[in-house]
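In mature numbering (1 follows the signal peptide of the UniProt record, and there is no 0), the protein residues as written are -19 to -1, 1 to 220. Glycine residues also receive a C-beta, built at the ideal position from the N, C-alpha and C atoms. Here the structure is a predicted model, which is why all the values come from computation and not from measurement. First up is the structure itself, then whatever we jot down about it.
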Amino acid sequence: MESLTWFVLLLAGLTCTHAVGTRETIQNLPSICQVEFRFVLIWTHDCACSVLTTGHIISAWSCFQASPSDRRIRLGTATSGWGGITREVRSIINHPLADLTVVRLTNLVLLGPTIQNVPIVPQDHSVPQNEPLSIAGWGSTAQGGLFTNSYLYRAWLESKNITLCMNQHPGRVTLENLCVGLIGSAGRDFDSDDAGAPILYRGALAGLASFGAASSNNNLPIVATAIAPYTNWIVGAAV
(Lines of atoms letter the chains of each structure in order from A and count residues from 1; the text may use other names and numbers.)
(Lines give C-alpha, C1' and ligand atoms only; values in the text may rest on other atoms or scores of the structure.)
Protein backbone atom coordinates (compact mmCIF):
# COMPACT_ATOMS: atom_id res chain seq x y z
CA MET A 1 0.00 0.00 0.00
CA GLU A 2 2.85 2.37 0.84
CA SER A 3 4.57 1.68 -2.51
CA LEU A 4 1.30 2.36 -4.35
CA THR A 5 0.97 5.70 -2.54
CA TRP A 6 4.50 6.67 -3.56
CA PHE A 7 3.76 5.68 -7.17
CA VAL A 8 0.67 7.89 -7.25
CA LEU A 9 2.64 10.80 -5.80
CA LEU A 10 5.43 10.26 -8.33
CA LEU A 11 2.96 10.15 -11.21
CA ALA A 12 1.33 13.36 -10.03
CA GLY A 13 4.71 15.01 -9.78
CA LEU A 14 5.70 13.96 -13.30
CA THR A 15 2.42 15.24 -14.68
CA CYS A 16 3.03 18.69 -13.25
CA THR A 17 6.74 18.86 -14.03
CA HIS A 18 7.93 21.43 -16.57
CA ALA A 19 4.55 23.09 -16.96
CA VAL A 20 4.64 25.51 -19.86
CA GLY A 21 1.17 26.93 -20.38
CA THR A 22 -1.87 27.75 -18.32
CA ARG A 23 -5.28 26.17 -18.39
CA GLU A 24 -7.81 28.13 -20.46
CA THR A 25 -11.58 28.37 -20.66
CA ILE A 26 -13.39 28.04 -23.95
CA GLN A 27 -14.90 31.48 -23.32
CA ASN A 28 -11.39 32.94 -23.60
CA LEU A 29 -10.63 30.97 -26.78
CA PRO A 30 -14.03 30.34 -28.39
CA SER A 31 -12.58 29.93 -31.89
CA ILE A 32 -10.58 26.79 -31.07
CA CYS A 33 -11.98 23.38 -31.94
CA GLN A 34 -10.96 19.73 -32.03
CA VAL A 35 -10.44 17.30 -34.90
CA GLU A 36 -11.49 13.81 -33.88
CA PHE A 37 -10.54 10.54 -35.60
CA ARG A 38 -12.76 7.46 -35.71
CA PHE A 39 -11.13 4.14 -34.91
CA VAL A 40 -13.79 1.47 -35.45
CA LEU A 41 -16.58 2.82 -33.20
CA ILE A 42 -14.49 5.08 -30.98
CA TRP A 43 -13.79 8.77 -31.60
CA THR A 44 -10.48 10.10 -30.26
CA HIS A 45 -8.76 13.49 -30.27
CA ASP A 46 -6.38 13.87 -33.20
CA CYS A 47 -5.61 17.55 -33.90
CA ALA A 48 -6.66 21.11 -33.17
CA CYS A 49 -8.54 23.48 -35.48
CA SER A 50 -10.10 26.94 -35.59
CA VAL A 51 -13.54 28.19 -36.58
CA LEU A 52 -13.49 30.22 -39.80
CA THR A 53 -17.22 30.69 -40.45
CA THR A 54 -20.44 29.12 -39.25
CA GLY A 55 -19.84 26.38 -41.82
CA HIS A 56 -16.04 26.09 -42.08
CA ILE A 57 -13.01 25.32 -39.92
CA ILE A 58 -9.31 25.59 -40.69
CA SER A 59 -6.56 23.17 -39.69
CA ALA A 60 -3.47 21.38 -40.96
CA TRP A 61 -3.74 19.26 -44.10
CA SER A 62 -1.86 16.49 -42.29
CA CYS A 63 -4.88 16.07 -40.00
CA PHE A 64 -7.21 15.18 -42.89
CA GLN A 65 -5.42 12.50 -44.88
CA ALA A 66 -8.08 9.90 -44.04
CA SER A 67 -11.61 9.75 -45.42
CA PRO A 68 -13.90 12.64 -44.36
CA SER A 69 -16.23 10.05 -42.83
CA ASP A 70 -13.49 9.18 -40.33
CA ARG A 71 -13.15 12.76 -39.12
CA ARG A 72 -15.47 14.97 -37.13
CA ILE A 73 -15.18 18.36 -35.45
CA ARG A 74 -15.93 19.13 -31.81
CA LEU A 75 -16.63 22.78 -30.97
CA GLY A 76 -17.55 24.85 -27.93
CA THR A 77 -15.69 22.96 -25.22
CA ALA A 78 -12.35 23.17 -23.42
CA THR A 79 -12.35 19.44 -22.61
CA SER A 80 -10.87 16.97 -25.06
CA GLY A 81 -13.45 14.52 -26.38
CA TRP A 82 -16.32 15.75 -24.24
CA GLY A 83 -18.98 18.47 -24.24
CA GLY A 84 -19.83 21.14 -26.74
CA ILE A 85 -21.23 20.05 -30.10
CA THR A 86 -19.94 17.88 -32.93
CA ARG A 87 -20.23 18.30 -36.67
CA GLU A 88 -19.45 15.83 -39.41
CA VAL A 89 -17.20 16.74 -42.32
CA ARG A 90 -18.89 17.49 -45.62
CA SER A 91 -15.81 18.21 -47.72
CA ILE A 92 -12.10 18.95 -47.41
CA ILE A 93 -10.31 21.63 -49.41
CA ASN A 94 -6.55 21.09 -49.23
CA HIS A 95 -4.04 23.69 -50.31
CA PRO A 96 -1.90 22.15 -53.07
CA LEU A 97 1.43 23.22 -51.54
CA ALA A 98 0.97 24.03 -47.84
CA ASP A 99 0.05 22.04 -44.73
CA LEU A 100 -3.29 23.82 -44.73
CA THR A 101 -6.89 22.76 -45.21
CA VAL A 102 -10.31 24.37 -45.07
CA VAL A 103 -13.06 21.98 -44.01
CA ARG A 104 -16.74 22.42 -44.81
CA LEU A 105 -19.11 21.13 -42.13
CA THR A 106 -22.29 19.18 -42.84
CA ASN A 107 -24.36 21.56 -40.72
CA LEU A 108 -23.85 25.15 -39.67
CA VAL A 109 -22.96 26.08 -36.10
CA LEU A 110 -24.53 28.85 -34.05
CA LEU A 111 -22.05 31.45 -32.84
CA GLY A 112 -22.14 32.40 -29.16
CA PRO A 113 -19.97 32.71 -26.03
CA THR A 114 -18.25 29.35 -26.63
CA ILE A 115 -18.10 29.30 -30.45
CA GLN A 116 -16.71 32.22 -32.43
CA ASN A 117 -14.90 32.63 -35.73
CA VAL A 118 -11.21 33.52 -35.58
CA PRO A 119 -9.88 36.70 -37.24
CA ILE A 120 -7.04 35.98 -39.66
CA VAL A 121 -4.06 38.17 -40.50
CA PRO A 122 -4.22 40.12 -43.79
CA GLN A 123 -2.62 38.77 -46.95
CA ASP A 124 1.21 39.03 -46.88
CA HIS A 125 1.20 40.50 -43.34
CA SER A 126 4.21 38.61 -42.00
CA VAL A 127 4.98 38.41 -38.29
CA PRO A 128 8.29 40.12 -37.39
CA GLN A 129 10.98 38.27 -35.47
CA ASN A 130 10.79 38.12 -31.65
CA GLU A 131 7.11 39.05 -31.52
CA PRO A 132 4.95 37.55 -28.74
CA LEU A 133 2.48 34.89 -29.87
CA SER A 134 0.36 32.24 -28.23
CA ILE A 135 -0.41 28.63 -29.05
CA ALA A 136 -3.33 26.67 -27.64
CA GLY A 137 -4.27 23.02 -27.68
CA TRP A 138 -4.80 19.80 -25.79
CA GLY A 139 -1.34 18.25 -26.20
CA SER A 140 1.91 18.80 -24.34
CA THR A 141 3.08 21.61 -26.65
CA ALA A 142 1.13 24.18 -24.65
CA GLN A 143 0.56 22.17 -21.50
CA GLY A 144 4.07 20.88 -20.81
CA GLY A 145 4.89 17.92 -18.60
CA LEU A 146 5.48 14.27 -19.44
CA PHE A 147 1.78 13.46 -19.36
CA THR A 148 -1.19 15.54 -20.43
CA ASN A 149 -4.72 15.87 -19.16
CA SER A 150 -7.87 16.53 -21.17
CA TYR A 151 -8.07 20.29 -20.66
CA LEU A 152 -7.28 23.16 -22.99
CA TYR A 153 -4.02 25.00 -22.35
CA ARG A 154 -2.38 28.09 -23.83
CA ALA A 155 1.34 28.92 -23.86
CA TRP A 156 3.13 32.13 -24.77
CA LEU A 157 5.80 31.91 -27.44
CA GLU A 158 7.74 34.24 -29.70
CA SER A 159 8.48 34.25 -33.41
CA LYS A 160 11.96 33.01 -34.34
CA ASN A 161 14.41 33.89 -37.11
CA ILE A 162 13.22 32.13 -40.27
CA THR A 163 16.72 31.76 -41.77
CA LEU A 164 18.02 30.10 -38.61
CA CYS A 165 14.91 27.91 -38.56
CA MET A 166 15.65 26.78 -42.13
CA ASN A 167 19.09 25.64 -40.98
CA GLN A 168 17.64 23.87 -37.94
CA HIS A 169 15.08 21.97 -40.06
CA PRO A 170 17.04 21.56 -43.32
CA GLY A 171 14.93 21.12 -46.45
CA ARG A 172 11.61 21.42 -44.62
CA VAL A 173 11.13 25.16 -44.03
CA THR A 174 10.33 27.92 -46.54
CA LEU A 175 9.52 31.61 -46.30
CA GLU A 176 5.85 30.59 -46.19
CA ASN A 177 6.41 29.11 -42.73
CA LEU A 178 6.36 30.70 -39.29
CA CYS A 179 8.80 29.39 -36.68
CA VAL A 180 8.05 29.80 -32.99
CA GLY A 181 9.52 28.85 -29.63
CA LEU A 182 9.43 29.68 -25.97
CA ILE A 183 10.40 33.20 -25.01
CA GLY A 184 14.08 33.13 -24.07
CA SER A 185 14.62 29.61 -25.47
CA ALA A 186 15.73 28.39 -28.86
CA GLY A 187 12.49 26.54 -29.53
CA ARG A 188 9.72 24.39 -28.10
CA ASP A 189 9.08 20.65 -28.11
CA PHE A 190 6.14 19.61 -30.29
CA ASP A 191 3.31 17.15 -29.64
CA SER A 192 1.61 15.75 -32.76
CA ASP A 193 -1.75 16.05 -30.97
CA ASP A 194 -1.28 19.80 -31.43
CA ALA A 195 -1.00 19.69 -35.22
CA GLY A 196 -3.28 22.40 -36.58
CA ALA A 197 -3.17 24.28 -33.29
CA PRO A 198 -3.79 28.02 -33.71
CA ILE A 199 -0.89 30.41 -33.30
CA LEU A 200 -2.34 33.81 -32.50
CA TYR A 201 -0.69 37.18 -33.05
CA ARG A 202 -2.46 40.18 -31.55
CA GLY A 203 -5.67 38.16 -31.45
CA ALA A 204 -5.56 37.05 -35.09
CA LEU A 205 -4.68 33.67 -36.55
CA ALA A 206 -1.10 33.93 -37.83
CA GLY A 207 -0.13 30.27 -38.08
CA LEU A 208 -1.15 26.63 -37.80
CA ALA A 209 1.24 24.31 -35.97
CA SER A 210 2.66 21.84 -38.46
CA PHE A 211 5.69 19.94 -37.15
CA GLY A 212 8.64 20.02 -34.77
CA ALA A 213 10.82 17.86 -32.57
CA ALA A 214 9.19 15.84 -29.80
CA SER A 215 12.12 15.69 -27.39
CA SER A 216 14.68 18.37 -28.18
CA ASN A 217 14.73 20.05 -24.75
CA ASN A 218 13.16 23.13 -26.38
CA ASN A 219 16.20 23.58 -28.62
CA LEU A 220 14.35 23.40 -31.95
CA PRO A 221 11.51 25.71 -32.96
CA ILE A 222 8.02 24.58 -33.90
CA VAL A 223 7.32 25.08 -37.59
CA ALA A 224 3.89 26.42 -38.48
CA THR A 225 2.15 27.15 -41.75
CA ALA A 226 2.03 30.94 -41.89
CA ILE A 227 -1.44 32.27 -42.67
CA ALA A 228 -0.42 35.53 -44.37
CA PRO A 229 0.78 33.99 -47.66
CA TYR A 230 -2.55 32.18 -48.02
CA THR A 231 -5.16 34.58 -46.64
CA ASN A 232 -6.77 35.23 -50.01
CA TRP A 233 -6.87 31.50 -50.76
CA ILE A 234 -8.46 30.79 -47.36
CA VAL A 235 -11.16 33.42 -47.89
CA GLY A 236 -11.92 31.99 -51.32
CA ALA A 237 -12.12 28.43 -49.99
CA ALA A 238 -14.47 29.31 -47.12
CA VAL A 239 -17.49 30.12 -49.29
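- CA-to-CA, the gap between Ala167 and Gly177 works out to about 21 angstroms.
- Collapsing the DSSP output to three states places Pro179 in a strand.
- Taking all protein chains in view, the Cβ of Val83 is crowded by 16 or more other Cβ atoms within 10 Å, so the residue is classified as buried.
- Runs of beta strand (DSSP E) with 3 or more residues, each lying fully within the stretch 134 to 182, are found at 134 to 140, 158 to 163, 179 to 182, listed in chain order.
- In this structure, the straight-line span from the alpha carbon of Tyr132 to that of Gly57 is close to 13 angstroms.
- Take Pro11, set aside five residues on each side of it, and the residues of its chain with a beta-carbon closer than 7 angstroms to its own are Pro94, Thr95, Ile96, Gln97, in chain order.
- Within the DSSP secondary-structure output, Ala205 pairs in a beta bridge with Leu159, Ala190.
- In chain order, Asp170 place their CB closer than 7 angstroms to the CB of Ser196, counting only its own chain and leaving out the 5 sequence neighbours on each side.
- Following the DSSP letters along the chain, one finds Ile96 in no beta strand (DSSP E), marked with neither H nor E.
- For Ile23, the enclosing beta strand (DSSP E) starts and ends at 23 to 34.
- The Cβ neighbour count for Glu17, taken over all protein chains shown within 10 Å, is at least 16; the residue is labelled buried.
- Residue state for Gln124 is assigned as helix, using DSSP reduced to three classes.
- Per DSSP, the beta bridge partners of Arg19 are Trp24.
- In the structure shown, the three-state DSSP call for Asn213 is helix.
- If you draw a straight line from the Cα of Ile73 to the Cα of Ala41, it comes to about 11 angstroms.
- The C-beta distance from Val204 to Arg153 rounds to 7 angstroms, short enough to fall under 8 angstroms.
- Note on the stretch 48 to 89: whole beta strand (DSSP E) runs with a minimum of 3 residues are 52 to 56, 66 to 75, 82 to 86, in chain order.
- Two segments are said to touch when three or more pairs of C-beta atoms, one from each, lie closer than 8 angstroms; by this definition the stretch 43 to 57 does not touch the stretch 97 to 112.
- In the displayed model, Ala41 falls within coil according to three-state DSSP, outside both helix and strand.
- Gly118: member of the beta strand (DSSP E) spanning 113 to 118, first to last residue.
- Here DSSP, grouped into helix, strand and coil, assigns Ala218 to helix.
- The shortest CA-to-CA distance from Glu139 to any of Met147, Asn148, Ile116, His150 is the one to Ile116.
- Residue nearest to Gly188 within the set Asp172, Tyr182, Ala207 is Ala207 (criterion: CA-CA distance).
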